[in-house]
Structures are given as C-alpha cells and as structure tokens.
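In our numbering, the protein residues as written are 454 to 597.
Read through the structure below, which is laid out as structure tokens, and then see the notes.
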C-alpha cells in the first residue's frame, strides 16, 4: 500500500521509521521527525526523499559546516514535533512511501505533517544551500 500524499511540499515535517544505512529496505526502530524534500521512483516504488531529524542536541553531533538547524518544539495538535529537533541536510534518505515507513502504527495510509515555522525558513534554506541539497536531490532523480 502506498501512502496517501496529502499534497506534500518541500519543507514539510513528518515522521518516519528511518532505516539504518546498512538496511535501507527495513523500517528502523525509531519513529523520528524528517523533512520532506521530494519524491522519486526507485525500482518501480515511489520513495520520499527526506532529511534526517534527531532530538539529540550534543555539540559533537552538530554539523560544523552549517548544514543542520534546529526547529523548536511546536505545541501543535499533529504531534509531529513534540521536542526540539535538529535536522541534518547532509543525511538524506530515499524511503519507500509506504505505511511501513511513514505510519505510526505501520499500517495506516494517512500521515500527519506540519510546516517549518516561518521564522526558520531562511535558516533552513541557507542550510540546504550549504549541504548542496539540490545536487543531492538530482542524484536521487528528484526534479526541482
């Protein structure tokens, strides 16, 4: 089953069971926030390309090249961001757009999403530029 795309736009924040690097076709153990960057088809399967998000705020984990930024916790009803989250535009994943990867219960085809807060858009764009996200997306076959 494919996820129902609720008109996702680049920069939407949603949650995914991000797979481990060495097991890209198996949903990971943690349902974490990600930023939607685009859509592509890999081996006949629709994939969503996303930037990795983590709630770990250790300075040793942060990029020294300006490619990550923090979105402060939003008190929204969607429950997409329930704590401050650091997004790293150097860590992009193409993840199958299926409930196994994008549904909290791994079976529903509906997703929850929020947008990057308006006050963070300029910083997000600068981080994406520093990480050369456009070039990375072209390697995934995503058209801008």
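Every residue gets a Cβ at the ideal spot worked out from N, C-alpha and C, and that includes glycine.
Alpha carbon of residue i to alpha carbon of residue j, nearest angstrom
{"i": "residue 535", "j": "residue 526", "result": "6 angstroms"}
{"i": "residue 586", "j": "residue 487", "result": "14 angstroms"}
{"i": "residue 467", "j": "residue 496", "result": "24 angstroms"}
{"i": "residue 505", "j": "residue 521", "result": "10 angstroms"}
{"i": "residue 510", "j": "residue 540", "result": "10 angstroms"}
{"i": "residue 549", "j": "residue 501", "result": "6 angstroms"}
{"i": "residue 552", "j": "residue 485", "result": "14 angstroms"}
{"i": "residue 533", "j": "residue 480", "result": "18 angstroms"}
{"i": "residue 462", "j": "residue 476", "result": "27 angstroms"}
{"i": "residue 568", "j": "residue 592", "result": "25 angstroms"}
{"i": "residue 577", "j": "residue 565", "result": "21 angstroms"}
According to DSSP, residues forming a beta bridge with residue i
{"i": "residue 568", "result": "465"}
{"i": "residue 471", "result": "Paired residues: none, contrary to the question."}
Burial state of residue i (16 or more Cβ within 10 Å)
{"i": "residue 482", "result": "exposed"}
{"i": "residue 490", "result": "buried"}
{"i": "residue 581", "result": "buried"}
{"i": "residue 474", "result": "exposed"}
Proximity winner among the options, relative to residue i (alpha-carbon distances)
{"i": "residue 537", "options": "544, 573, 563 and 581", "result": "573"}
{"i": "residue 519", "options": "503, 543 and 563", "result": "543"}
{"i": "residue 469", "options": "559, 499, 593 and 595", "result": "559"}
{"i": "residue 570", "options": "523, 561 and 584", "result": "523"}
{"i": "residue 594", "options": "492, 498, 556 and 478", "result": "492"}
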